[in-house]
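Asks: According to this note's numbering, the sequence shown holds residues -13 to 136 in order.
We treat Cβ as the ideally placed atom computed from N, Cα and C, and that holds for glycine.
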Amino acid sequence: MTGTLFSLTFAVAAPFWALMILLPRWSWTARIIASPLIVLPVVVIYALLVLPAFGDVLPAVASPTLAGVRDLLGTSDGAAAGWAHMIAFDLFVGRWAWLDSRDRGVPALVMAPVLLLTILLGPLGLAAYLVVRTRWRRSAAAATGPQHLG
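(1) Please state whether the Cβ-Cβ distance between Arg124 and Asp89 is less than 7 Å.
(2) Give the DSSP-derived three-state secondary structure of Val36 in the structure shown.
(3) Indicate whether the contact test is met: 3 or more Cβ pairs, each with one atom in the segment 53 to 61 and one in the segment 78 to 98, closer than 8 Å.
(4) Would you call the segment 8 to 24 and the segment 43 to 52 in contact, with 3 or more CB pairs under 8 Å?
(5) Please tell me whether Ala(-1) and Val36 are closer than 7 Å, where the distance is taken between their beta carbons.
(6) Which one of Trp12, Ala67 and Thr51 has the shortest CA to CA distance from Leu(-6)?
(7) Kindly indicate which residue of Gly64, Pro1, Ile7 and Ser13 has the alpha-carbon position closest to the one of Val25.
(8) Just list the alpha helix (DSSP H) runs in the segment 94 to 124, keeping only unbroken ones of 4 residues or longer that don't cross its boundaries, in chain order.
(9) Gly80 and Leu101 look like a contact to me (Cβ under 8 Å); what is the Cβ gap, rounded to whole Å?
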């Protein structure tokens, strides 16, 4: 089951990435990506992997040591859970960057490589977007309207 859940993890996130990268101007993309619930399928997979091993996971994350985290992630279940954790957070960060970039008017051609970097190397994609966003100011309407996670 672990192998199946591992394979499903990116498969359930990929459609959202495809919408943001390949169809950024489609009206349905904005409607779908507006919901933070797009990460829920990956969160469910994460829960299916972590909850049965909660007795082993909690001590390793409550008082982390390098050896403890290595041992936790060094199993198939631990690696699959770590992968789901990364995919969920990368998708959430990518969603935030995509929404924020729309408010700022960042061109889709600028965002596509940033989003790809976020998929592949999450924190570096976030860092790239933090640099990119300094070049575009929020529109007046976006600045006074509902805020998207920062």
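Replies: In short, the structure shows the following:
(1) Yes, these two residues count as a Cβ contact at 7 Å.
(2) helix
(3) no
(4) no
(5) Going by C-beta atoms, Ala(-1) is not nearer than 7 Å to Val36.
(6) Ala67
(7) Pro1
(8) 94 to 106 and 108 to 118
(9) With a Cβ gap of about 5 Å, Gly80 and Leu101 count as contacting.
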